[in-house]
Structure formats: C-alpha cells, structure tokens
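Convert by adding 217 to the 1-based position in the sequence shown; the result is the number in my numbering. Each residue gets a CB set at the ideal place from its N, CA and C atoms; glycine is no exception. Please read all numbers here as calculations on a predicted model, not as lab measurements. Inspection log for the structure reproduced underneath, given as structure tokens.
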Amino acid sequence: MNNREKWGSRFGFILAASGSAVGLGNIWKYPHMAGENGGGAFTIVYLICILVVGLPIVVSEFVLGRKTQLSPVGAFTSLAPNSNWKWVGMLGVSSAFIILSFYGVVGGWTLKYTFISLMGGFNELSGNPDLSGSLFSSFIAKPFSPIFWQILFMVLTIFVIVQGVKGGIEKWTKIMMPTILIILAILVIRGLTLPNGTQALDFLFKPKFEDLTASSIVLALGHAFFTLSLGMGTMITYGSYLRSDQNLLTSALWIILLDTAIAMMAGIAIFATVFAMGADPGSGPGLIFVVLPTIFPNIAGGAIWGTLFFFLLFMAALTSAISILEVITAYFIDEKGWSRAKATIIFGSFVTVVGIFCSLSMGSLNITSFMNMSFFDVLDYLSSKYMLPIVGMLTGIFVLYQWGIPELINELRIGMKNDNFNENTSIISGINIGIVLKILFIISASVIGFILINEIIANITGSPIIG
Ligand code: PHE
C-alpha cells in the first residue's frame, strides 16, 4: 500500500481531476445545450444539479479512493468483502472501456480539424455551411482518415498513461490545463471585442424561463453527471493516489468551479464569434465542426483563432481520455498485478480496436443495428444514459446504506484539520451534518434513479414521464 504511486502536490491533483472533468462535454456540448434550452435558465438548473446531485457523488468517489488506496473494484471489495458491490466497480471499469472507444474517435476529429485549420483549409469553407457540413460528414464516414487520427490520439493517451501518475498524468495536465485556460481567455476576449460579440452574453446567460422545458431539466441532470466524469470510477481512481492530508470537500468544490467556469468561457468564446459573424446560433451539435470552420476565415487572423480553438478542444479531450484509460490500467495493476506498461499498452490497444469499429460505423461498416443506431451511437447511448448513472446511483446507495455516512464523515475529517468535525456537528442549531448529508445523498440517488426510470419508460412506451 505504501509504494502506491502518489500525486506530487495538491495543485497537481486538482488540475488532473479538473482535466478529467473538462472535456468535450464542456466545450462541445454545454454551449449548444444552454443556447437551445433557455440560456441562463438552463445554466441555473445545471448549477443546481451539479451542486445537489454531482457534489455528493464527487466527494464519495474521492473519499472511497483515498480511504482504500485502490481503484474502483478493489475499493468496493475492500469496504464490503465477499459482496456483490464489486460488480459496481466492474461496471465502472467496463464503462471506461466503452466510453474511451468512441471518445478516442472524436479526439481524432479534433486533431484532424486542428491540422486542417493550421493548413488554411477553412478558407474554402468561408460562409458556406453546406460545403462545411458535407466535408465533415464525408470525413467521419471515410474508412481510413478518421482512423488514422483516432490512432494518433490514442497513442498520445497511452504515452501519457505509461509514464505513470506523477510523471505522466500530473506532469501533462499541469502543462495542458493552464494552456487551455489561457487560450480560452484569449478567445473570450477576442470574441467579446468583435462587433456584436457581446450578444453572446445575453444568449447564454439571460434567463429565458419560457424555453426551459421538462426535457431541458433531464438534460441538465445527465450533463452534470457526464461533465464531472462521474459513475465510472475516474474520481475513485484519482482519489486513490492521494495522501491523507487533503481537504476533499474544498478540492471537489475547486474542480466543480473550474469545470463550470471553463464551460461558460467556451460558450462565450463560441457564441461571440457566431453572433459577430451573423451565423446561426441554433445549429446544435454541428456548431463546432460545421459552423465554426465557416466563420473563422472571416475574422482577421482567422487561421490562428481556428487552430487555437481546435487545439484547445484536442487538449481538453486528451486530459479526459487519459483519466478514462487510467481507470482501466489501475484495475489491471491493482487486481491482476500487471505492470503499468503492460496494462496500458494491451488495453489501450484493445480500446483503440473497438474504437476503429465505432469510426467505421459512421460510414461503410456498421456492426450492429441495435435500435437503428450506429455502433458509435449505441456505445455512447448505453454508457451515458445507463451505465454512468447506474454506477453513480449505486455509489450513493453504497455510502448511505453499506458503508455509512459516519464513515464518510470520518474520512472527510482527515485533511480538514478540524478534529471536532463529526456527524453530530451542528450546522444550524439543532441540525447536524450527519442528517444533512444523509438527506443530500438520498436526494442525489433518488434523482438519478428517477432519470434512469424515465429513460427506460421512454424506451418501452415511447413517451417519458417527463421530458
Ligand atoms: N467529463 C468529460 C467531459 O466533459 C467526459 C468524461 C466522462 C471523462 C466520464 C471521464 C469519465 O467531456
């Protein structure tokens, strides 16, 4: 246990964990979701979801990892030996495998688009979304090109993980996260100083409650979960490399703050550019790969802004991808006694091969026809809609009923430097922290459970309870 790899510093851990959280979810998904679902009204709901549903699970994952000094399967097994809880860990590791398969494909797209922009390739797309759309759809459907870029992306991911926790993950996120923040800040300033750029602020942040539907609320919840990398043991694994001297509550709050701030900055940078150039803000998921390439050439220095933007997207995807591969690697190190290099290379390659089938399923070769979706979409759907929330909910239930809130509080206290903090500490007179946490966990697990049932009912009957 003592020779387990460790983070070099608290700052390094916070950057690594926020690197996991900040990813395609923040830069690609959040801006268009907020734009389409009531702007500020969506953002308010999303923040509530992050704090009420997300925070308890982030803290639980960190605590479970640090307490056991093990990755998910070992963590559940050591706190509940000979029980079925280890399957929750197994489901987490399986989700990691599945998510990384298709995440690597999109990671490859971000590299390809960085390269196109660098070569001045967006020039011919200027003001022509149809051409840009067909370029994008023909690229992702090609048999070789996207696979080449996906393999390159996966090789980089494997390269970082082979170097270990401190020498790989921490070292690289310490370079990439500040770079992401700096590029984003430059893009925000550039966007807001373009004519009409400030319309982005209204669009994103002015609450339009009439646009907020029940399904927006479901969306905000699901997204809160995905964006914090919950439900597959990433945060358990990262927590397991911690020494006991850290305040996990404040670390979790920092990560949430960074994740949210970066999502909002990305939204401002993107929509400021869209409004300044008179493009359509409602173009949904195609916004990034289809609309942005058509408007960058019209801005002075557009090739630079375009390249910076896609490079930023690539780094955000990479810092998330490494956290996913680490879950798989840590499982084989902890449970099977493999070396880091062997686990990473073998399973990194395995994931890459499954990813190749995801990429091919967008074009010539679709190996499943489940629910009429491509193999890529099936993996995305199963993992984000079912596997992550199930593991998240069960983690909450584990803390509530198997391990116990008092144990959670005991572990949290280590590092808080407050020996008087215990389950009977009262927050407001008569109300103690044990009860507050219990209620919070019950709300969190029930809300996730409700979302799951809602999704299942929607699939069986064709109409959800809400949404
Ligand atoms: N949080 C990442 C994002 O926003 C995605 C992710 C999910 C990463 C689950 C790790 C685990 O893109």
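So residue i packs on residue j, CB below 8 Å; how close in whole Å?
| i | j | result |
| --- | --- | --- |
| Ile343 | Pro514 | Going by the sequence as given, residue 343 is Ser instead of Ile. Between Pro514 and Ser343 the Cβ distance is about 4 Å, and since that is below 8 Å, they are a contact. |
| Val544 | Val270 | At roughly 21 Å, the Cβ-Cβ gap does not stay under 8 Å, so Val544 and Val270 are not in contact. |
| Met371 | Gly572 | 7 Å |
| Gly257 | Val507 | So it is not a contact: roughly 26 Å between Cβ atoms. |
| Ala558 | Val379 | 5 Å |
| Leu709 | Arg283 | Nothing about residue 709 can be reported from this structure: the residues present for the chain run from 218 to 684 only. |
| Cys266 | Leu470 | Incorrect: roughly 15 Å between the Cβ atoms, too far for contact. |
| Pro180 | Ser643 | The structure shown has nothing for residue 180, since the chain only spans 218 to 684. |
| Leu582 | Ile622 | Between Ile622 and Leu582 the Cβ distance is about 50 Å, and since that is not below 8 Å, they are no contact. |
| Gly632 | Leu465 | 6 Å |
| Leu504 | Thr374 | So it is not a contact: roughly 25 Å between Cβ atoms. |
Considering only their Cβ atoms, is the gap separating residue j from residue i smaller than 8 Å?
| i | j | result |
| --- | --- | --- |
| Ser540 | Gly236 | yes |
| Gly685 | Ala538 | Missing from the structure shown is residue 685; the chain here goes from 218 to 684 and no further. |
| Val275 | Leu475 | no |
| Tyr330 | Phe527 | yes |
| Leu241 | Ala534 | yes |
| Ser433 | Phe667 | no |
| Gly255 | Asp462 | no |
| Gly518 | Phe339 | no |
| Ala520 | Asn243 | no |
| Gly613 | Ser277 | yes |
| Gly225 | Glu387 | yes |
| Trp302 | Gln619 | yes |
| Leu264 | Thr430 | no |
| Met449 | Thr536 | no |
Between residue i and ligand 1, is there a pair consisting of the residue's CB and a ligand heavy atom that are separated by less than 7 Å?
| i | result |
| --- | --- |
| Ala437 | no |
| Ala417 | no |
| Ala233 | no |
| Phe259 | no |
| Thr467 | no |
| Thr612 | no |
| Met250 | no |
| Met481 | no |
| Ala478 | no |
| Gly309 | no |
| Gly240 | yes |
| Thr374 | no |
| Met371 | no |
| Thr444 | yes |
| Ser537 | yes |
| Met393 | no |
| Met449 | yes |
| Ile472 | no |
| Ser318 | no |
Taking only beta-carbon positions, decide if residue i is within less than 8 Å of chain D.
| i | result |
| --- | --- |
| Leu445 | Absent from the structure is chain D; it holds one protein chain and no more. |
Among the options, which residue has its Cα nearest to the Cα of residue i?
| i | options | result |
| --- | --- | --- |
| Phe314 | Ile660, Leu596, Ile399 and Ile521 | Leu596 |
| Ser578 | Thr260, Ile333 and Lys359 | Lys359 |
| Pro248 | Arg460, Leu436 and Leu611 | Leu436 |
| Ala238 | Phe422, Tyr618, Gly580 and Phe442 | Phe442 |
| Val280 | Ser576, Ser457, Ile562 and Pro502 | Ser457 |
| Leu445 | Ser461, Phe426, Ile472 and Leu466 | Ile472 |
| Leu179 | Ile648, Ile650, Lys655 and Arg407 | The displayed coordinates of the chain run from 218 to 684. Any statement about residue 179 would go beyond what the structure contains. |
| Ile316 | Ile562, Gln619, Ser600 and Leu401 | Ser600 |
| Ile626 | Gly613, Glu640 and Gln619 | Glu640 |
| Ile403 | Leu529, Ala292 and Arg227 | Leu529 |
| Pro606 | Ser556, Ile562, Ile399 and His440 | His440 |
| Met307 | Asn464, Met590, Thr451 and Ile656 | Thr451 |
| Val570 | Phe376, Tyr603 and Gln367 | Gln367 |
| Glu624 | Leu611, Gly554 and Phe638 | Phe638 |
| Val310 | Leu268, Arg227, Pro346 and Thr454 | Thr454 |
| Phe228 | Pro395, Ser300 and Leu268 | Pro395 |
| Thr467 | Glu222, Lys223, Phe230 and Asn220 | Phe230 |
| Leu296 | Leu328, Gly337, Val616 and Thr561 | Val616 |
| Leu335 | Phe658, Asn676, Ile674 and Pro510 | Pro510 |
Counting pairs of Cβ atoms below 8 Å between the stretch 476-489 and the stretch 415-424, do you hit three or more?
yes
Within 8 Å, do at least three Cβ pairs link the stretch 288-299 to the stretch 545-565?
Segments in contact, yes.
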